[in-house]
Amino acid sequence: MDAREALAYMGGIQEKLGSSYSLRSVRELAGRVGHPERTLGIIHIAGTNGKGSVGNYISNILSVSGYTVGRYVSPAVFGYREKIQRIACGTCTYFSEEEMAEMVTLLKGHCENMVLEGFGHPTAFEIETVMAFLLFHKWKVDAAIVECGLGGRLDATNIITNPLLVVFTSISRDHMKLLGDSVPDIAREKYGIIKEKVAVVSKRQAECEMILQEICGRKKAELVFVEGESIGEKAFRAGRTSFAYKGVEYAIRQGGVFQIENAAIAIESARMLRKKGFVNVSEETVREGVLNSHWRGRFDLISQEPFLLVDGAHNEAAARALCDSLKAYFPDEKFSFVMGVFRDKEYGKMLSLLLPLAKNIYTVSAPGPRGLAGSELCQCAGRMGRVPVSGCGRVDEALRKALAENAGGKIIACGSLSILKDVYVFVKNNYSLAEGTGDLYGHWKEGICV
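Numbering (our numbering), first residue to last: 182 to 631.
1. Quick check: Gly-271 and Ser-244, are their CB atoms within less than 8 Å of each other?
2. Within 10 Å of its beta-carbon, does Gly-632 have 16 or more other beta-carbons around it, so buried, or fewer, so exposed?
3. Using 10 angstroms around the beta-carbon of Lys-264, count the other beta-carbons present and answer buried if the total reaches 16, otherwise exposed.
4. Please work out which residues of its chain come closer than 6 Å, Cβ to Cβ, to Gly-623, disregarding the five sequence neighbours upstream and downstream, and give them in chain order.
5. Going by the beta-carbon positions, is the gap between Asn-241 and Gly-437 smaller than 8 Å?
6. What does Leu-346 pair with, by DSSP beta-bridge criteria?
7. Assess contact between the stretch 222-240 and the stretch 316-328, defined as three or more Cβ pairs (one per stretch) separated by less than 8 Å. Is contact present?
8. Could you check how far apart the C-beta atoms of Phe-511 and Asp-492 are, in whole angstroms? I think they sit under 8 Å.
9. Considering only their Cβ atoms, is the gap separating Thr-544 from Gly-572 smaller than 8 Å?
10. Let's test the definition: count the other Cβ atoms within 10 Å of the Cβ of Asp-620 and tell me whether it reaches 16, buried, or not, exposed.
11. Whole angstroms are fine: how far does the CA of Pro-303 sit from the CA of Ala-368?
12. With distances taken Cα to Cα, identify the nearest neighbour of Glu-706 among Ile-268, Asp-183 and Glu-370.
13. May I ask you to list the residues that DSSP assigns as paired with Thr-272?
14. Are the CB atoms of Ser-423 and Thr-229 within a distance shorter than 8 Å?
15. With a CB to CB cut of under 6 Å and the five nearest residues on each side skipped, what residues in its chain are close to Glu-390?
16. Between which two residues does the beta strand (DSSP E) holding Ser-484 run?
17. Can you tell me which of the three DSSP states Gln-195 falls into?
18. Measuring alpha carbon to alpha carbon, tell me which of Ala-337, Gly-212, Val-348 and Ile-483 ends up nearest Tyr-642.
19. Excluding five sequence neighbours on each side, which residues of the same chain lie with their C-beta closer than 6 Å to the C-beta of Asn-534?
20. Thinking C-alpha only, which one of Leu-346, Ala-425, Met-565 and Lys-384 is nearest Gly-458?
21. Just the Cα atoms here: how many angstroms apart are Met-635 and Leu-490?
22. Taking 8 Å as the cut-off, does the stretch 198-217 touch the stretch 230-237 (at least 3 CB pairs, one atom from each stretch)?
23. Just to confirm the assignment: which complete alpha helix (DSSP H) runs, minimum length 4, are found wholly within the stretch 406-473?
24. Classify Leu-297 as buried or exposed, calling it buried when 16 or more other Cβ atoms lie within 10 Å of its own Cβ.
25. Grab me the residues of Leu-198's own chain with a C-beta within less than 6 Å of its C-beta, minus the 5 sequence neighbours each way, in chain order.
26. Does DSSP put Asp-719 in a helix, in a strand, or in coil?
27. Between which residues of its own chain and Val-608 is the CB-CB distance below 7 Å, once the five residues before and five after are set aside?
28. Assuming the contact rule is C-beta atoms closer than 8 Å, Ala-547 and Ile-600 should be a hit. Round their C-beta distance to whole Å, please.
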C-alpha cells in the first residue's frame, strides 16, 4: 500500500463507519500492537474550545526547553498529515507519506483480523489514534500532547491509562446530542479522562467547578485552577499582546483576547511539568515558548492588503470570543463576514452575536454531510433582518464578492474550520499572504495527501 492508497482507505473507513463512542475496538487494536500509549509521557487535553491553541503553546514551550514532542491534533484543517506532528528544536514536521503508508498497512491487517474474530472494525479516528501512539513511540518523544476528538470519557484517546498531565480548556455547549444539553453535563463527559493521582490543570468555570473538585478529590488527583483574577493588566495591539499572570509579565503574538487565557493554561501546565521532571523548563523558556507560538486559523490575519482575517469560530462560545477580540483590537468598526457552518451547530445564536458588528454577511456551504448549505444560512441571517446578506455556494465566490463590494474594508472569514483551507488557497492564489503564512501553505500544498 502506498500513501495514495492509504489515504483512500482511511477516507473509505471514515465514510463507512463515521464515529464510535466506545473504547472496546480502539483498546483492542492498541493491544494488538503492544499498547504503545503505555510507553509515553502524555499530556491529555480536553475542552470545547482552545485545545489546539493550548497544545501549541505547551509544545512550543517544551521544544524551546530542549525536548522532543509528539502532537496529535484534532481536527486537521489544512491536510491529512497535519494530524500527527513531531516538534523538535523549534521545528514542526508532519509524519511522512512513507510513515502513513507503513502504519495504515500494519493497522489495516489488524483491523481485518479483529472483524474475523467478532470485534467491531475500528473507525478512522480510532486507527489514527493508535497510529499516533505508534509513531510517538517510534520517534522516542519526551512528551506526547494528545487532544481529545470529542468529549472525553468515550473518546478514542481515553485508552490512555497513566498520563503525565490532564489539561482542560474552556467548556461550553457543543455536540449536545452526544454529550448532554448543559455545560455541567458536557463537563462530566470531558472530566472522564481524569485518572487516579494524575495532575490536572483547568480553567476555572463556576458552573462546573464543584464537579471537577469532587472528581479530583475522589481520584486523589492534584488540581490547579487557572483563574481570571490571576491574569493582570492586558494590552492589545497588532502583532503582540502583553499580559501578566500571577505577577509575571508575558507576551504573545497569537491574536485574540481569548489567547491570553489559553496561554495562561499552558504556563500553568509548564510549571506542573517542571515539577514532574521536565527540569529544563524555565521561566525564560516559558516566556519564549508562548511568545513564538502561532496557531493558524485562530484570529489569524492572513492578508493585510486587502485586510482578511480568519477565525475558526465554529460554535456559540467561539463566536462570542471572536466578537470580543474584534471589539478589543478594532473598536467601533464594522466588518464583512464570510461564514460557513455545520448544520448541527447553533448557528442562529452565532449570527446573533456577529450581526451587531456586521456591515454585511456572505454565507458559504460547509463541506461534507454535516455541512449547512450557504443558502440555508443566508435565509437564517436574512430573517434577522439587520444587514445585507448574500448567499454564496463556494468560499472563493463569497470572497470575490465581499472584496468587490467592500473595497478597503475588513473581511472576516469564520465558522467551520473546514472552510479555512479554501480561504488560504484563495489568498495565496490572488494576493500576498501575510508573513509566516507562506511556510505553512507550502507544507500542505506539496505532496499528494497533505
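For every residue, glycine included, the Cβ atom is placed at its ideal position computed from N, Cα and C.
In this structure, then:
1. Using a Cβ distance threshold of 8 Å, Gly-271 and Ser-244 count as a contacting pair.
2. Residue 632 is absent from the model: the chain starts at 182 and stops at 631.
3. Buried, since its Cβ has 16 or more Cβ neighbours within 10 Å.
4. With a pLDDT of only 36 at Gly-623, under the threshold of 50, the placement of this residue in the model should not be trusted; the figure read from the coordinates follows. Cβ neighbours of Gly-623 beyond the five flanking positions: none.
5. For Asn-241 and Gly-437, no; Cβs fall outside 8 Å.
6. Beta-bridge pairing links Leu-346 to Ile-224 and Ala-380.
7. Yes, the stretch 222-240 is in contact with the stretch 316-328.
8. About 13 Å separates the two Cβ atoms, so there is no contact after all.
9. Yes, Cβ-Cβ distance for Gly-572 and Thr-544 is below 8 Å.
10. Any reading at Asp-620 needs caution, since the residue's pLDDT is 41, under 50, leaving its predicted position unreliable; the model's value is listed next. Classification of Asp-620: exposed, given that the 10 Å Cβ count is below 16.
11. If you take the alpha carbons of Ala-368 and Pro-303, they lie about 26 Å apart.
12. With the chain covering 182 to 631 only, the question about residue 706 has no answer from this structure.
13. Answer is Ala-269, bridged to Thr-272.
14. No, Cβ-Cβ distance for Thr-229 and Ser-423 is not below 8 Å.
15. Answer for Glu-390: no residue qualifies.
16. Residues 481-484.
17. Assigned with DSSP and collapsed to three states, Gln-195 falls in helix.
18. Here the chain comprises residues numbered 182 to 631, so residue 642 is not present and cannot be evaluated.
19. Note on residue identity: the sequence assigns Leu, not Asn, to residue 534. The answer, listed in chain order, is Ala-500, Arg-501 and Cys-504.
20. For Gly-458, the nearest C-alpha among the options comes from Leu-346.
21. There is no way to answer for residue 635, as the model of the chain reaches only from 182 to 631.
22. By the Cβ test, the stretch 230-237 is not in contact with the stretch 198-217, since fewer than three Cβ pairs between them sit closer than 8 Å.
23. Here the runs fully enclosed are 439-456 and 464-472.
24. Flag for Leu-297 reads exposed.
25. Excluding the 5 residues flanking it on each side, Leu-198 has same chain C-beta neighbours closer than 6 Å at Thr-304, in chain order.
26. Coverage of the chain is limited to positions 182 through 631, which leaves residue 719 absent and any answer about it impossible.
27. Hits under 7 Å: Ile-483, Ser-484, Leu-489 and Leu-614.
28. Here Ala-547 really is in contact with Ile-600; their C-beta atoms are around 6 Å apart, less than 8 Å.
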